[in-house]
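Colleague: Got a structure for you, written out below as structure tokens; questions coming shortly.
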Amino acid sequence: MSQVEPAVETQEASTFSLIDCDVHNYPNSIEELMPYLSARWQAYVRQSGFSGPGGPTYPKGFAQAARRDAWPPSGLKPGGDPDFAREQLLDEWGIDLAILNPLYGMTALHNLDFANALMRAVNEWTADTWLGSDTRWRGSIVVNANDPKNAAAEIKRVSADRRFVQVLLLVRSSAPYGKRQFRPIFAAACEAGLPVGLHFGGSGNPITACGWPSYYIEDHTAMSQAFEAQLVSIVCEGVFCEFPELRLALIEGGFAWLPGLMWRLDKNYRGLHSEVPWLKKLPSEYILEHCCATTQPMEEPKNPQHLMQIIEMIGRDEFLLFATDYPHWDFDSPDRALPPVIAGDLRQKIVVDNAVAFYGF
Amino acid sequence: MASRGVDLGAVEAFADGDVQRVEAGGRGLVVVRRGDVFYVLRDICPHQGARLSDGQVTGQVAECSLGGEAVLARDGEILVCPWHGWQFDLCTGRSLVDGEKNRVRSYPVRIAAGRVLLELD
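This is the structure:
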């Protein structure tokens, strides 16, 4: 990473027509990260034959979980070729800004020091390889959530580069993020003025609350359970009380489950609030004040009007942020994913204004 | 001129700290005695209709910072619904959460000649 703070080049927010809040970039192999690892870890990689954290527990339906047309002609991997991603995503769809979320699973590694080395390497690789390739890319700081103290140090180090616009956590963690052990991460994000993005995936615990399912269809559908558990934990454990300025983006977890969750939580709060005497208002009020959710994967009810009813039930037009999830197979197309019933001011908010406000673009 | 009030019974009929149901004026009421003070509320939770007289008297956990010492305040002044745990201020009948919207009617009482008298409008 450059020692000189790179300038953030961007056009006026008022001219934006589309912001993509969830795009994925991947190192093509461990070799791409080697220049960012110390001699000690380079030797470790070579000797151990380490090629990357984990394999897919659930084969994703398509290789690399990618659209079949997202394999670059260069021979690199989907999400591994910044030039191809620029053409196929940014230029093709007229996207003004896109947030990169590298899903490098270093939290699956039990060796904290190695995971931390990879964490730093991925961030430096993102800055050099992607953020430097086009001014429309924005980055997320990957952190090793299993080592909150060093994660916080990494946030402090990387956030000097303002092209990084959020801290990235994966939703399936070793423990709910509301637990006090994770506070250094939230504190560092707030100190850096960055939101935290909570993204689909992870490695800490089974996808469902009743254990490991068999199929990817279950993995993909049931991931919202993890989002629900995290949100309940973060609210009830007082994270938003301790960090009133904290912003939290729920990324790739859907949003149709939110009204029911807020109703359940508020109802229980009426009878059980004495357990959590640090909360000063209804749990749903914390959620609506501090959180946003990305649209992809769009819930697609048979009657699109039901989607509008869900948004109305959430009760805040500023809640949703558009995302494609490029280059993944479940990519949401900017011209088709939002049904026509989402129109006018609400559509403008979802595709541009809400992201501008939330991320401060 | 003061009203005669509806006689709820002798003072001695209500043990200190007890939660008791009585019928008066065609209404079910819950009576809670705390020393010389009597609280009377309608005996029906505005949430789902449980009898509050099946509930428990407790206090209010005072608001505190995260990880701070949670202190029980106003011990004896809060009635907890037996079904979903909604908590009502015995003095006002208001729920401790959303008390403006969620409240159970409370009634003034007075003691005269060893009797507990309910003041009805």
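Chains as they are written, first to last, in the working numbering: chain R, 1 to 361; chain Y, 1001 to 1121. Note that the Cβ used here is the ideal one computed from N, Cα and C, for glycine as well.
(1) Hey, is the region 224 to 235 of chain R in contact with the region 72 to 82 of chain R, meaning 3+ C-beta pairs nearer than 8 Å?
(2) Helix, strand or coil for R:LEU100 per DSSP?
(3) Quick check on this structure: which residue in R:GLY61, R:ASP83 and R:PHE114 has the alpha carbon closest to the alpha carbon of R:MET34?
(4) Could you say which of Y:ILE1044, Y:CYS1045, Y:GLY1068 and Y:ARG1034 lies nearest to Y:VAL1057 if we only look at CA atoms?
(5) Going along chain R, which residues have a C-beta under 7 Å from Y:VAL1061?
(6) Per the DSSP calculation, Y:SER1106 is bridged to which residue(s)?
(7) Between the region 173 to 201 of chain R and chain Y, which residues of the former have a C-beta closer than 9 Å to a C-beta of the latter?
(8) Could you pull the start and end residues of the beta strand (DSSP E) that R:TRP329 belongs to?
(9) R:VAL356 lies in the alpha helix (DSSP H); which residues open and close that run?
(10) Does the CB of R:GLY344 have a neighbour CB from chain Y at under 7 Å?
(11) Which stretch, first to last residue, makes up the beta strand (DSSP E) that contains Y:LEU1118?
(12) Who are the neighbours of Y:ALA1070 on chain R, taking C-beta pairs under 7 Å?
(13) Would you kindly work out how many angstroms separate the C-alpha atoms of R:ARG67 and R:ASP330, rounded to a whole number?
(14) If we cut at 7 Å on Cβ distances, does R:GLY271 have a partner in chain Y?
(15) Which residues does DSSP list as the beta-bridge partners of R:SER140?
(16) For R:GLY238 and chain Y, any beta-carbon pair shorter than 7 Å?
(17) Where does R:PHE200 sit, in a helix, a strand or coil, going by DSSP?
(18) Looking at R:TYR26: is its Cβ nearer than 7 Å to the Cβ of R:GLY80?
(19) Given this structure, state the Cα-to-Cα distance separating R:ALA192 from R:SER17, to the nearest angstrom.
(20) Going by beta carbon distance, what residues of the same chain come within less than 6 Å of R:SER2, once the five residues before and after it are set aside?
(21) Using beta-carbon positions only, say whether Y:VAL1061 and Y:ALA1070 come within less than 7 Å of one another.
(22) Which of helix, strand or coil does DSSP assign to Y:ARG1021?
(23) Hey, Y:LEU1029 and Y:VAL1011: beta-carbon distance below 7 Å or not?
(24) Let me see if you follow: with CB-CB separation under 7 Å, is Y:CYS1091 close to chain R or not?
(25) Can you name the start and end residues of the beta strand (DSSP E) that Y:GLY1076 belongs to?
(26) What span of residues does the alpha helix (DSSP H) with Y:ARG1027 cover, start to end?
(27) Can you name the residues that DSSP bridges to Y:SER1095?
(28) For R:ASP266 and R:SER284, what's the separation of their Cα atoms in angstroms?
(29) Could you please give me the residues that DSSP links to Y:ASP1007 through a beta bridge?
(30) Is Y:GLN1087 near the ligand GTP, going by C-beta to nearest heavy atom under 6 Å?
(31) Which residues does DSSP pair with R:GLU279 in a beta bridge?
(32) Mind pulling the chain Y residues with CB within less than 9 Å of R:CYS241?
(33) Could you list the residues in the region 1091 to 1118 of chain Y with a C-beta less than 9 Å from some C-beta on chain R, going in chain order?
(34) Using only the alpha-carbon positions, how far apart do Y:ALA1112 and Y:LEU1079 sit?
(35) Within 10 angstroms of the Cβ of R:ASP345, are there 16 or more other Cβ atoms? Answer buried if so, exposed if not.
(36) What residues in its chain sit with their C-beta under 8 Å from that of R:LEU103, if we drop five residues either side in the sequence?
Modeller: Judging by the given coordinates:
(1) Output reads no: the region 72 to 82 of chain R does not touch the region 224 to 235 of chain R.
(2) strand
(3) Just measuring C-alpha positions, the residue of R:GLY61, R:ASP83 and R:PHE114 sitting nearest R:MET34 is R:PHE114.
(4) Y:ARG1034
(5) SER274 and PRO277, listed in chain order.
(6) Y:SER1106 pairs with Y:LEU1041.
(7) ARG180
(8) Note, R:TRP329: premise wrong, no beta strand (DSSP E); not H, not E.
(9) 354 to 359
(10) Among the residues facing chain Y, R:GLY344 is not included, as its CB has no counterpart in that chain under 7 Å away.
(11) First-last of the beta strand (DSSP E) with Y:LEU1118: 1115 to 1118.
(12) PRO277
(13) 7 Å
(14) R:GLY271 counts as touching chain Y.
(15) R:GLN166
(16) yes
(17) In this structure, R:PHE200 counts as strand in the three-state DSSP scheme.
(18) Result yes, Cβ atoms of R:TYR26 and R:GLY80 sit closer than 7 Å.
(19) 28 Å
(20) Summary for R:SER2: the model assigns pLDDT 45, below 50, so the residue's position carries little reliability; its value from the coordinates is reported in the next sentence. Taken in chain order, the list of residues that qualify is empty.
(21) yes
(22) strand
(23) no
(24) Taking Cβ atoms only, chain R never reaches closer than 7 Å to Y:CYS1091, which makes this a no.
(25) Per DSSP, the continuous beta strand (DSSP E) segment holding Y:GLY1076 begins and ends at 1072 to 1080.
(26) Y:ARG1027 -> not in any alpha helix (DSSP H); beta strand (DSSP E) instead, spanning 1027 to 1034.
(27) Bridge partners of Y:SER1095: Y:PHE1088.
(28) For R:ASP266 and R:SER284, the gap between their C-alpha atoms comes out near 6 Å.
(29) Y:LEU1117
(30) Absence of the ligand GTP is noted for the structure shown, with no ligands found whatsoever.
(31) First, the amino acid is wrong: residue 279 of chain R is Leu here, not Glu. The partner list for R:LEU279 (beta bridge, DSSP) is empty, contrary to what the question assumes.
(32) SER1065 and LEU1066
(33) SER1095, LEU1096, VAL1097, ASP1098 and ASN1102
(34) 25 Å
(35) exposed
(36) Setting aside the 5 residues that flank it on each side, R:LEU103 is surrounded in the same chain by HIS24, TYR26, LEU170, HIS199 and GLY201, each with a C-beta closer than 8 Å to its C-beta; the list follows chain order.
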